[in-house]
Every structure is written in C-alpha cells, then in structure tokens.
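*Asks:* Encoded as structure tokens, here's the structure I'll be asking about.
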Amino acid sequence: MLAKVNSGCVMGIDACLIDVEVDVANGLPSFSVVGLPDTSIRESRDRIRSAIRNSGYAFPSGKITVNLSPANIKKEGVGFDLPIATGILGATGLISPDKLDGLLLGGELSLNGRLKPFRGALAIAISLGKSRRTFILPEKNAREAADIGDIPVYGASSLRKVIEHINGINPLDPPDTEQKSPGRNKPHDIPDFKDVKGQEHVKRGLEVAASGGHNVLLLGPPGSGKSMLAQRLPGILPDLSTEAALETTTIYSVAGRLKSDGLIRERPVRSPHHTISYAAMTGGGSRSLPGEISLAHNGVLFLDEFPEFRRDVLETLRQPLESGEITIDRARRSLRYPCRFILIAAMNPCPCGYFTDPHKRCQCTSHQIQRYLSKISGPLLDRIDIHLEVPRLNYEQLSTRRTGEHSETIKKRVNESRNTQEKRFRDKPGHLAYNAYMVSRELENFCALSNEAEELLKTAILELGISARAYDKILKISRTIADMDTSETIESHHISEAVGYRCLDRNLWV
Amino acid sequence: MPRTRQHIGKLGEKIAETFLISRGFLILDRNFSTPFGEIDLIAEQNGYIVFLEVKTRISERFGPPLSSITRTKQRHILKNCQFYLKRFGLYGRPCRIDAIAVSLDTRRELRALKHVKNAIEL
Chain S
1195 MLAKVNSGCV MGIDACLIDV EVDVANGLPS FSVVGLPDTS IRESRDRIRS
1245 AIRNSGYAFP SGKITVNLSP ANIKKEGVGF DLPIATGILG ATGLISPDKL
1295 DGLLLGGELS LNGRLKPFRG ALAIAISLGK SRRTFILPEK NAREAADIGD
1345 IPVYGASSLR KVIEHINGIN PLDPPDTEQK SPGRNKPHDI PDFKDVKGQE
1395 HVKRGLEVAA SGGHNVLLLG PPGSGKSMLA QRLPGILPDL STEAALETTT
1445 IYSVAGRLKS DGLIRERPVR SPHHTISYAA MTGGGSRSLP GEISLAHNGV
1495 LFLDEFPEFR RDVLETLRQP LESGEITIDR ARRSLRYPCR FILIAAMNPC
1545 PCGYFTDPHK RCQCTSHQIQ RYLSKISGPL LDRIDIHLEV PRLNYEQLST
1595 RRTGEHSETI KKRVNESRNT QEKRFRDKPG HLAYNAYMVS RELENFCALS
1645 NEAEELLKTA ILELGISARA YDKILKISRT IADMDTSETI ESHHISEAVG
1695 YRCLDRNLWV
Chain Y
213 MPRTRQHIGK LGEKIAETFL ISRGFLILDR NFSTPFGEID LIAEQNGYIV
263 FLEVKTRISE RFGPPLSSIT RTKQRHILKN CQFYLKRFGL YGRPCRIDAI
313 AVSLDTRREL RALKHVKNAI EL
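As structure tokens, then:
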C-alpha cells in the first residue's frame, strides 16, 4: 500500500515542502530510501525499524520503498524520521490515508520511539506556515514554532502519541504558549556602561554607533578598556522587534544552536577568536550552516585583535557589511543568510601596543607599524564609519568614585533617535532603517547642512587631508548626531564631532 | 570428519522441518539447488513464502549458530531466494527469509531451537 506524508527540509533559512511517499509491497524484505537522502537519512532506516517495534507496532515485512520528493533536492537531517515512520505505519493500513492529508510532520526518533528535537524546525514552520498544514513536531520544537502564532502546532513526546493523535484516539494538546514565563530566554547578563570609568568620548561614540547602526573601530593600547567598552554596546541597542527576533531565532534554529525554547529576545553578541576560518565566519562547510556574521544578525559582531584575523577572513566581511546578507554559493547549492550587524573591531595602534600611550615607550619601528596597519585594507576600513581612540586612563580617572551613566539611560536616547530615523525611511520599502545604510543619493536628500556647517566641512577636507570616501562617512555620522540632537539640519558642531570620529583619515597617523 | 559435519547439518534440518510442520508450515522444497548455492527449506505459511536457513551446532565453542550467517552468506541467500521466486514465477507474493538455529548436545539430542523470523533483508 502507498501512503504520503508531508515534511519540510531546511534550505538556508527557508524551507521547502517535501512529500514523503512510502510504498510497502510484497517481495523480499527490503527498506530503501530514494530521493537524494544524505547519510543521516539513510541511517534513519535502522532507527525507524527499532522505533516502530519498540512503540508496540509491527514492522511490515515486505519491500519498503521511501521516496522523498521533489527528488532533485538534496535532503539532510534527522527530521525525516517521524514522517517516514508514520508513512510506513500508514502504508500498512494502521492509519487511514485521508487522515495524513494536511499534516506536516518532523522529528528525530530514538530507538525506544521517543521523539527528539531537530535542527531547523522553526525555519520550516515559518516558511511552510502559509501552507495551512497542521504541524506535529517534537515537544521542544513545537514550543519554538508556536511562538510564530496562527499556525496549528502540536507537540508530541513519542511516535505512539503521534499515531494515536492522528487516529483520533488520544488527541494531543496544543503547546502551552501562555507559559511564556519571564524566566524563558532571559537576557544574558550584558554588562552595564556604568562600570566604565572615564572614556566619556568613547561612550559617546558608541552611542552614536548604536543610534545610526554604524560600525566602529576601537584603537588603543593594551588594557585601556577596548573589550570592556565593546561588550557593553548590546546593552544600549534598542530591543528587538518581534520580526527581528524571529529572524535571529530562525538563524539559530537552522544552526542548531537554540539553547532554550521560545524566541531569542535579546540581541546576539558574537565574539569569535581571531583564529577563525573563513567558512566559520561567513558560513559554509559541508552542510552550509550559517557563520558568525549571520549568528550576529540584528546584533553585534565583536572582533578583538582585529589585525590578527586572517586576511582572507577579514576581506570576506566586505560584501556582507555592505549588503546585510551573505550568499554562499557552492557547486551543489546556493544559500542566502541575512547578516545585518554592528561590527565592533578592536585593535592596538602598533604591534607592541603602546604607540599612542603617553607614558610607555613604543618599541616598534615605523616599518613594523606600517605593516601592522596595512593588514586592514582600505576597502574594509571604508566600511567602518566610526574610529575611536581609546586612551589609557591615568590614576585620577581610575580611582574616581563617580560611576558612569547607566546603559538603560543611554538606551532611551538611542531608541528616540532610531525612531526619528525610522520615520525618515518609512516610505522607502526595503530600506534598512538606519543612517548607516544610506546611499549617496539619500545623503543628498537627507543631509541638509547649515551654511556654517558647510564651511567647516570644506575646511576640514582641505586642512586635514580628508579623502573623498571619508566625506560620505562624515555626512552619515553627522546625520546621526543631528538626529540624536533632534535637529533637522546638520549644524557645524555635528560636523566637528563627526570629523573627530574619523581619526584614521587624518594624515596624523603614521 | 566431513561426513560427521554433514550428518549434523542434515539432522538439524530434519529437526527444523518437524518443528515447522508442527507450527502449520507447508514444506514446499528441501535443499533446493540454485546456481548460487542451496536453500535449506522453503515453506508456505499464511500466504507467505518462507525461505529458511538452518544452522546446527553441537557446541557454542565457536559462537552461537546464527553468528555464522555473515554478510556474504546473507547476500548468497538473498540471491538464492530471488532465483527461486523467478524460477517459479512467484514475484509479487509476500515472502520473507527466516533463520532457524538448532543446538544439539554431544549426544546429538536437541538442546534448543530458535526460530528467527525475518532474519535477512535486502
């Protein structure tokens, strides 16, 4: 007999609908899976056989053929265990075929018939939610999927429960979305800016970065607090919208990195070590999983010791930084992952680290410094709007009792300026609502300068040797600063602050 | 010595056959030769064609009887069965391959018999 069950297969962060057809025919006993299954699906045969027997059902003796259609897509993952097992039981007549219509199943089976969560269930639920099918998933995945809303989802703990539900003997309860206790996915402890003493201009710079979505480069001697400052940036970013939270959670679901159930409500922070390979950074590998830049989507990517990263790794960041998404093209497939993040790079000014330190002598030759800085290429630096020098603090600044401003207070201001920006870009569909993503035509439209400001900018370009590419950057940053100031036009003090954030453009360096 | 081994094997097959008849199997063929080897017993039960591989041991010094049905042996058995089905035009009939382990003691008295249904799959 023939039975057909629907399931889904993850492709990047999307999913496609897969028909699982099971035929149990007479003949010498055999069990084969066709339709480009990968090894984990092929191996599922032994899991399914044991799971069916140990759930108290008879495994049919006969020629079993499972077809995963469309047959031209390479399928992977353990999520097909449940649909195949259900299909086999359906083909032996245990379930009437019409009851399998309109269902979408997924889940890994253990040998005793229990259901285990699988990677990418959320992506499947989001992409295929429109197909108006009832999802039956392992309990943990069902809670993930239920968060999307308006999709009928049931969570089951074992194969037997699923079969009994389909047959209407023992219906399952929909997952309890109400039990969204605040304890679930509670924000990880993002450190507070109030712990940072001094460094007021850096904090201000980071506030500008958070407001406009600008990328930042922190430059300073060892021990000046670069990492400390960078770690606190997520704390002043606006809260994730539900839409953005879904995107981020989907990426984590596809990567198999969801630790707790429910949506990821706080912005992710990724700080990969500088030994990272390019595939781990951009995504890829044999299964084309999302990389660090995608895991940092809607959050912060912190690259400490920036010049120590492998050159090819750094250069791969160029295109994603521009477009906010990465396309992974391989011979067999081409996948797109979103990766819109704020990059914070931290580096020392020279190999020994003390070039800008007023008290410690730098040991490096100018040639060494040149070589060190040349590891960061022009095009890459071009994509980093704000450069901040982080000086070492002196004793008075360190020993002060005065605590800095709380992250919460800064966050309120950031929220306000983001709202201003959102209003500006509202009638531009598809535009990312930050100043950092403005293109040059938009710069002309939105960056009206006062006469004084225009004069100052002209002087700055002439006197400080600022390049043409830095000109756009300065306009963008000053737009953000003006937004924070709720000023419609850009004034001269906005320009002067913006120029201050471009220290690497000034030819004072090296 | 070879004669003793054959004798033990024959004895085991006899015991297995008696067992199957007592369980309501209809014996279709014994020691059916094919170009690939031999099928010990072919029986019919509840509409199923059942191919049987009988293994007989008088001691477990070399492991349990069924352990000697290796992957290669399984492949041979499958070929034999396919040949049989083709030969008699039985394709499309439900069928399965069972194994029977017969353990004898040193006096060649039956000690244990184990019938494993669906022992071999394609």
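So the protein lines, in turn, are chains S and Y. Per this note's numbering, the very first residue in the first sequence carries number 1195; after that it's consecutive. Per this note's numbering, the very first residue in the second sequence carries number 213; after that it's consecutive. Note that the Cβ used here is the ideal one computed from N, Cα and C, for glycine as well.
Do the stretch 1205-1218 of chain S and the stretch 1318-1333 of chain S meet, that is, are 3 or more Cβ pairs less than 8 Å apart?
*Replies:* With a cut-off of 8 Å, the stretch 1318-1333 of chain S and the stretch 1205-1218 of chain S count as touching, because enough Cβ pairs lie within range.
*Asks:* Which first and last residues belong to the alpha helix (DSSP H) in which Val1507(S) is found?
*Replies:* As a working mapping, residue 1507(S) is identified with position 313 in the first sequence. Element bounds for Val1507(S): Arg1505 to Thr1510.
*Asks:* Please work out which residues of its chain come closer than 6 Å, Cβ to Cβ, to Lys1380(S), disregarding the five sequence neighbours upstream and downstream, and give them in chain order.
*Replies:* Taking the first residue of the first sequence as position 1, residue 1380(S) is located at position 186. Low confidence applies here, because Lys1380(S) scores a pLDDT of 47, under 50, leaving its location unreliable and the question unanswered by this model.
*Asks:* Quick one: using the 10 Å Cβ neighbour count with 16 as the cut-off for buried, is Phe1503(S) buried or exposed?
*Replies:* Locating residue 1503(S) in the first sequence gives position 309, where the first residue counts as 1. So Phe1503(S) counts as buried.
*Asks:* By DSSP, does Ile1689(S) sit in helix, in strand, or in coil?
*Replies:* Residue mapping note: residue 1689(S) aligns to position 495 of the first sequence, counting from 1. Correct three-state label for Ile1689(S): helix.
*Asks:* Are the beta-carbon atoms of Arg1426(S) and Asp1386(S) separated by less than 8 Å?
*Replies:* One-based indexing of the first sequence puts residue 1426(S) at position 232. One-based indexing of the first sequence puts residue 1386(S) at position 192. Yes. Within cutoff.
*Asks:* Tell me where the alpha helix (DSSP H) around Tyr1472(S) begins and ends.
*Replies:* Counted from its first residue, the first sequence places residue 1472(S) at position 278. Per DSSP, Tyr1472(S) belongs to the alpha helix (DSSP H) from Tyr1472 to Thr1476.
*Asks:* For Val1272(S), which of helix, strand or coil comes out of DSSP?
*Replies:* On the first sequence, position 78 is the one that residue 1272(S) refers to. Reduced to three states, the DSSP call for Val1272(S) is coil.
*Asks:* If the cut is a Cβ gap below 9 Å, which residues of chain S does Arg309(Y) touch?
*Replies:* As a position in the second sequence, residue 309(Y) is number 97, starting the count at 1. Residue 309(Y) is actually Ile in this sequence, not Arg. Simply Leu1222 and Pro1223.
*Asks:* Pull up the CB-CB distance for Ala313(Y) and Pro277(Y), whole angstroms please, since I reckon it's below 8 Å.
*Replies:* Here residue 313(Y) is taken as the residue at index 101 of the second sequence, counted from 1. Here residue 277(Y) is taken as the residue at index 65 of the second sequence, counted from 1. About 4 Å; that satisfies the 8 Å criterion.
*Asks:* Please confirm whether Ile296(Y) has its beta-carbon closer than 8 Å to some beta-carbon of chain S.
*Replies:* Here the question's residue 296(Y) lines up with position 84 in the second sequence. Checking the sequence shown, residue 296(Y) turns out to be Tyr, not Ile. No, because no Cβ of chain S sits closer than 8 Å to the Cβ of Tyr296(Y).
*Asks:* Does Ile1235(S) come out as helix, strand or coil in the three-state DSSP assignment?
*Replies:* As a position in the first sequence, residue 1235(S) is number 41, starting the count at 1. Note: Ile1235(S) maps to helix in three-state DSSP.
*Asks:* Just to make sure I have the definition right: I need the residues of chain Y whose C-beta is within less than 7 Å of the C-beta of Gly1256(S). Which are they?
*Replies:* Walking along the first sequence from the start, residue 1256(S) turns up at place 62. Going along chain Y in sequence order, the residues near Gly1256(S) (Cβ under 7 Å) are Pro306.
*Asks:* Out of Tyr296(Y), Ile270(Y), Leu325(Y) and Arg287(Y), which has the shortest C-alpha to C-alpha gap to His219(Y)?
*Replies:* Sequence index remark: in the second sequence, residue 219(Y) carries index 7 (1-based). Cα-wise, what sits closest to His219(Y) is Ile270(Y).
*Asks:* Please list the residues of the stretch 252-275 of chain Y that have a C-beta atom closer than 7 Å to any C-beta atom in chain S, keeping them in chain order.
*Replies:* Here the close residues number zero.
*Asks:* Which chain S residues sit within Cβ distance under 7 Å of Asn243(Y)?
*Replies:* Within the second sequence, residue 243(Y) is the residue found at index 31, counting from 1. Neighbours of Asn243(Y) on chain S: none; closest Cβ ~20 Å, over 7 Å.
*Asks:* Could you give the first and the last residue of the continuous beta strand (DSSP E) run that contains Leu1637(S)?
*Replies:* Looking up residue 1637(S) in the first sequence gives position 443. Taken as a continuous stretch (DSSP letters only), Leu1637(S) belongs to no beta strand (DSSP E), being part of the alpha helix (DSSP H) at Ser1634 to Phe1640.
*Asks:* Ordered along the chain, which non-local residues of its own chain (more than five positions away) have a Cβ less than 8 Å from that of Leu1230(S)?
*Replies:* The residue labelled residue 1230(S) in the question sits at position 36 within the first sequence. Excluding residues within five positions, the ones whose Cβ falls inside 8 Å are Leu1262, Ala1265, Asn1266, Ile1267, Lys1268 and Lys1269.
*Asks:* Given a cut-off of 8 Å on the beta-carbon distance, is the pair Ile1258(S) and Phe1225(S) in contact?
*Replies:* The residue labelled residue 1258(S) in the question sits at position 64 within the first sequence. The residue labelled residue 1225(S) in the question sits at position 31 within the first sequence. A contact, by the Cβ cut-off of 8 Å.
*Asks:* For Gly301(Y) and Phe295(Y), I'd like the C-alpha separation in whole angstroms.
*Replies:* As a first step, residue 301(Y) is located in the second sequence; it is residue number 89 there, counting from the start. As a first step, residue 295(Y) is located in the second sequence; it is residue number 83 there, counting from the start. Roughly 10 Å separates the two Cα atoms.
*Asks:* With a threshold of 7 Å on Cβ separation, who are the neighbours of Val1272(S) within its own chain once the five nearest residues in sequence on each side are excluded?
*Replies:* On the first sequence, position 78 is the one that residue 1272(S) refers to. For Val1272(S), where only same-chain residues beyond five positions count, the Cβ hits under 7 Å are Ser1234, Ser1238, Glu1302 and Phe1312.
*Asks:* For Arg1327(S), which residues in the same chain have their Cβ closer than 7 Å to its Cβ, ignoring the five residues on either side in sequence?
*Replies:* For the purposes of this step, residue 1327(S) is identified with residue 133 of the first sequence, where counting begins at 1. Contacts found: Asn1200, Gly1296, Leu1297 and Leu1298.
*Asks:* Would you kindly work out how many angstroms separate the C-alpha atoms of Glu1590(S) and Asp1576(S), rounded to a whole number?
*Replies:* Here residue 1590(S) corresponds to residue number 396 of the first sequence, with the count starting at 1. Here residue 1576(S) corresponds to residue number 382 of the first sequence, with the count starting at 1. Computed Cα separation, rounded: 36 Å.
*Asks:* Grouping DSSP H, G and I as helix and E and B as strand, with all else coil, what is Ser1351(S)?
*Replies:* Reading the first sequence from its first residue, position 157 is the one you call residue 1351(S). Ser1351(S) falls in the coil class under three-state DSSP.
*Asks:* Can you give the Cα-Cα distance for Leu1495(S) and Ile1675(S), rounded to whole angstroms?
*Replies:* Along the first sequence, one-based indexing puts residue 1495(S) at 301. Along the first sequence, one-based indexing puts residue 1675(S) at 481. Looking at the two C-alpha atoms, the distance is approximately 23 Å.
*Asks:* Which residue from Gly1417(S), Ala1339(S), Asp1389(S) and Leu1309(S) puts its Cα closest to that of Arg1595(S)?
*Replies:* To locate residue 1595(S), count along the first sequence from 1; it is residue 401. Ranking the options by Cα distance to Arg1595(S), first place goes to Asp1389(S).
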